[in-house]
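The next block holds one structure in the form of structure tokens; read it before the comments.
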Amino acid sequence: MPEREFKTADSKDYYFNVVPTNSTCTLRFRVKTSNDAHICLSASGAQDSTPILEIFLGGWDNKMSAIRRDNAQPEKVKVSTPDLLSSKEYFAFWIKWDNKGQVDVGRDNNVEPFMSYLDTNPFPISHYGMRTTWGATGKWKDHELAYVLHEGSAPEAPAASAEDAPAEAAGGADGRAEYHWVAAKNGQIPSNAVVGGTDHGEQVLFIARVSYNNSQFIGKVNNVLQGARVACNGQELHFVEYEVLCGSKSKWQTGCNGQVPPNAVLGGRGCNGDTYYIARTDCNGAITVGMVLASTRQCHVAYGGRELVANTFDALIN
Numbered sequence: 030m031p032e033r034e035f036k037t038a039d040s041k042d043y044y045f046n047v048v049p050t051n052s053t054c055t056l057r058f059r060v061k062t063s064n065d066a067h068i069c070l071s072a073s074g075a076q077d078s079t080p081i082l083e084i085f086l087g088g089w090d091n092k093m094s095a096i097r098r099d100n101a102q103p104e105k106v107k108v109s110t111p112d113l114l115s116s117k118e119y120f121a122f123w124i125k126w127d128n129k130g131q132v133d134v135g136r137d138n139n140v141e142p143f144m145s146y147l148d149t150n151p152f153p154i155s156h157y158g159m160r161t162t163w164g165a166t167g168k169w170k171d172h173e174l175a176y177v178l179h180e181g182s183a184p185e186a187p188a189a190s191a192e193d194a195p196a197e198a199a200g201g202a203d204g205r206a207e208y209h210w211v212a213a214k215n216g217q218i219p220s221n222a223v224v225g226g227t228d229h230g231e232q233v234l235f236i237a238r239v240s241y242n243n244s245q246f247i248g249k250v251n252n253v254l255q256g257a258r259v260a261c262n263g264q265e266l267h268f269v270e271y272e273v274l275c276g277s278k279s280k281w282q283t284g285c286n287g288q289v290p291p292n293a294v295l296g297g298r299g300c301n302g303d304t305y306y307i308a309r310t311d312c313n314g315a316i317t318v319g320m321v322l323a324s325t326r327q328c329h330v331a332y333g334g335r336e337l338v339a340n341t342f343d344a345l346i347n
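First residue of the sequence shown? That's 30 in our numbering, and the numbers climb one at a time after it.
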């Protein structure tokens, strides 16, 4: 499969990515570098800004690792990690954080972290950044972010009754995420991407999400499109950077006449607080992926260069 692989120079600047605030996030990646692979959690995504948490892997000549708050010393956490990194092979790591200030750092598939920190003055994390520095350059790959939104992450759509309320975020009833999002670009599709539909000519369409104008739109993606297509303000918009929904299985349920299945999967939110659920509909024989707005209970898809709205749709469910 095409991998999201990139290089970082020897620099003090971070390479930033956007994440949803008020969520529990797990970032997984592999990195190949001699020393000082740094990851930051930021409230703004601006260089040299605060508040910020910085995670230093293989610092101090690849002998120590640490967690630092707001560029201040001493570090909040500092542990011995000799030969944690290598310039000759990739090593895998994970970083997990939540909206209550807890940060854990681990290796490979090890469940137990080797560094943990609880920030007693937590801030909303909207970006994470990656860099190599102190004489090191790096290569990163298998870069994957999974998250679960918490209540209050955005203003809610009009309330439904408890028994009719669709499922919050992309997670199962037992709390385990059945689906997660993987960052990609230029038509790249992860190997476990969820199939959403088919275009004309039986080309498979996958489920994409795009952040645009303070909203998260759901649409379609495949390598033929060379990016994601989403519906917005009557138009079909094209984006080369996007996220792809991944998971081991998928199930769809028909909804119509203003009815959204109670366990529909939340895909995104609008800047006005509207809730968007992952859905698909028939467009002249093409099964096109889009989103159902909680406010209208209609499915919006990008098709033929414009936005189409359908009253009948299939919703992805947990």
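In this text, a Cβ means the ideal position worked out from N, Cα and C, and glycines have one as well.
- Burial check for Pro219: the Cβ neighbour count within 10 Å reaches 16 or more, so the residue is buried.
- Per DSSP, the beta-bridge partners of Arg57 are Trp123 and Glu173.
- Residue pairing for His209: DSSP places it in a beta bridge opposite Cys275.
- With contacts defined by Cβ atoms closer than 8 angstroms, Phe152 and Val134 do not form a contacting pair.
- The bridge partners DSSP lists for Cys261 are Gln264.
- Per DSSP, the unbroken alpha helix (DSSP H) holding Gly88 starts and ends at Gly88 to Asn91.
- With the rule of 3 Cβ pairs closer than 8 angstroms, the stretch 153-167 does not count as touching the stretch 98-107.
- Pairing Ile346 with Gln245 gives a Cβ-Cβ distance that is not under 8 angstroms.
- Shown here, Gln282 sits in a strand according to DSSP, grouped into three states.
- Minimum Cα-Cα distance from Glu34 among the listed residues Ile316, Ser52, Phe58 and Asp42 corresponds to Phe58.
- When the alpha-carbon of Asn139 is set against those of Lys125, His209 and Tyr146, the nearest one is in Lys125.
- Membership of Glu336 in the beta strand (DSSP E) is indicated by the continuous run Arg335 to Ala339.
- Proximity to Ala38 across Trp210, Asn51 and Trp169 peaks at Trp169, based on C-alpha coordinates.
- Across the structure, Cys300 and Ser71 are spaced so that their CA atoms are roughly 21 angstroms apart.
- With the rule of 3 Cβ pairs closer than 8 angstroms, the stretch 235-252 counts as touching the stretch 266-274.
- Excluding its 5 nearest sequence neighbours in each direction, Tyr119 has C-beta neighbours in its own chain below 6 angstroms: Arg59 and Lys61, listed in chain order.
- Between Asp303 and Ser324, the CB-CB gap stays under 8 angstroms.
- As far as DSSP is concerned, Arg326 takes part in no beta bridge.
- Here the C-alpha atom of Asn262 lies approximately 7 angstroms from the C-alpha atom of Glu336.
- Residue burial is scored here from C-beta neighbours: Asp228 has at least 16 other C-beta atoms within 10 angstroms and is therefore classed as buried.
- Partner residues in the beta bridge of His156, as assigned by DSSP, are Val47 and Ser71.
- Taking a C-beta distance under 8 angstroms as the contact criterion, Tyr305 and Ala293 do not qualify as a contact pair.
- Rounded to the nearest whole angstrom, the C-alpha separation of Val338 and Arg258 is 15 angstroms.
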